[in-house]
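Sequential numbering from 1 applies to the sequence shown in full-length UniProt numbering. A quick write-up on the structure given underneath.
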Amino acid sequence: MEATHPEFLPSQHELNFVPADPLKMADRHIITKHGIRDMAKQSGMTASFMAKLNSTSLGNSCHIHMSLQDAKTGKNAFYDQDDEFGMSTLARNWMELELPPPASGNIYNDKELPEFPNSLQKAMDLLRESKMLNKTFVNPSITDFADSMVDNNCVEQYQQGLTNPTKASRSVWLVKPSAHIIMAYKL
């Protein structure tokens with residue numbers, strides 16, 4: 001962990017990792033989330049990484065800062081000292097996509113398209129049934145993950161918070177930068 005700092009509301013906190021290659025970074029992300037959940041569980045609480053805790057709060061998100069170093073020189077490949085904004089040609093174009101031609105018609109009338117899950121429970125059911133995820137990850141890890149969300153009442157608490165925010169009692173864990181400890185807040 002390189003740095004941490006609180007965001008706008010309780011339950012919003014940013015964790016900054018030391019730069020690494022994408023696979024290492026993905027591992028750090030997952031290990032950190034599991035570590036925070038385990039620490040919360042040991043204290044009889046639940047750590048949530050829900051995008052939105054209830055219908056009255058602001059939403060949370062995940063954003064990723066990207067950098068690229070030249071493998072031979074170790075220099076920042078996104079920087080160009082001669083450019084007006086300090087951006088190399090690569091930095092200006094690195095996310096360029098070759099998109100297919102635009103679709104025409106009304107996608108809402110297309111009954112053949114699969115329906116996007118409209119509840120957390122349906123999304124978790126699809127997660128459990130995903131052939132790609134179950135093939136990619138050692139089973140029963142996907143099933144265990146989905147089941148742990150149910151065991152921790154995450155689905156029920158989330159639904160309760162959406163339908164009646166006053167009934168939802170949510171413990172939120174934050175990392176306090178000055179002390180490097182985990183703190184719990186009741187919302």
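Positions of the beta carbon are idealized from the N, C-alpha and C atoms, including for glycine. All figures in this text were calculated on a predicted structure; none of them were measured in a lab.
Query raised in the report: Skipping 5 residues on each side, what residues in its chain have a beta carbon closer than 7 Å to that of Lys33?
Result: Phe49
Query raised in the report: In whole angstroms, what is the alpha-carbon distance linking Gly86 and Phe78?
Result: 8 Å
**Report entry** Alpha carbon of Asp125 to alpha carbon of Pro117, nearest angstrom
**Finding:** 9 Å
Query raised in the report: Can you name the start and end residues of the alpha helix (DSSP H) that residue 208 belongs to?
Result: Examination of residue 208 is not possible in this model, given that the chain is present from 1 through 187 alone.
Query raised in the report: Would Trp94 pass as a contact of Leu120 if the rule is Cβ separation under 9 Å?
Result: no
**Report entry** Exposure label - Thr89; buried when at least 16 CB within 10 Å
**Finding:** exposed
Report task. Can you say whether Thr46 is buried or exposed, counting buried as having 16 or more other CB atoms within 10 angstroms of its CB? Result -> buried
Query raised in the report: How should Ala3 be labelled, buried or exposed, when 16 other C-beta atoms within 10 angstroms of its C-beta is the threshold for buried?
Result: exposed
Query - alpha helix (DSSP H) segments (min. 4 residues) lying fully within the stretch 106 to 133 - result: 120 to 129
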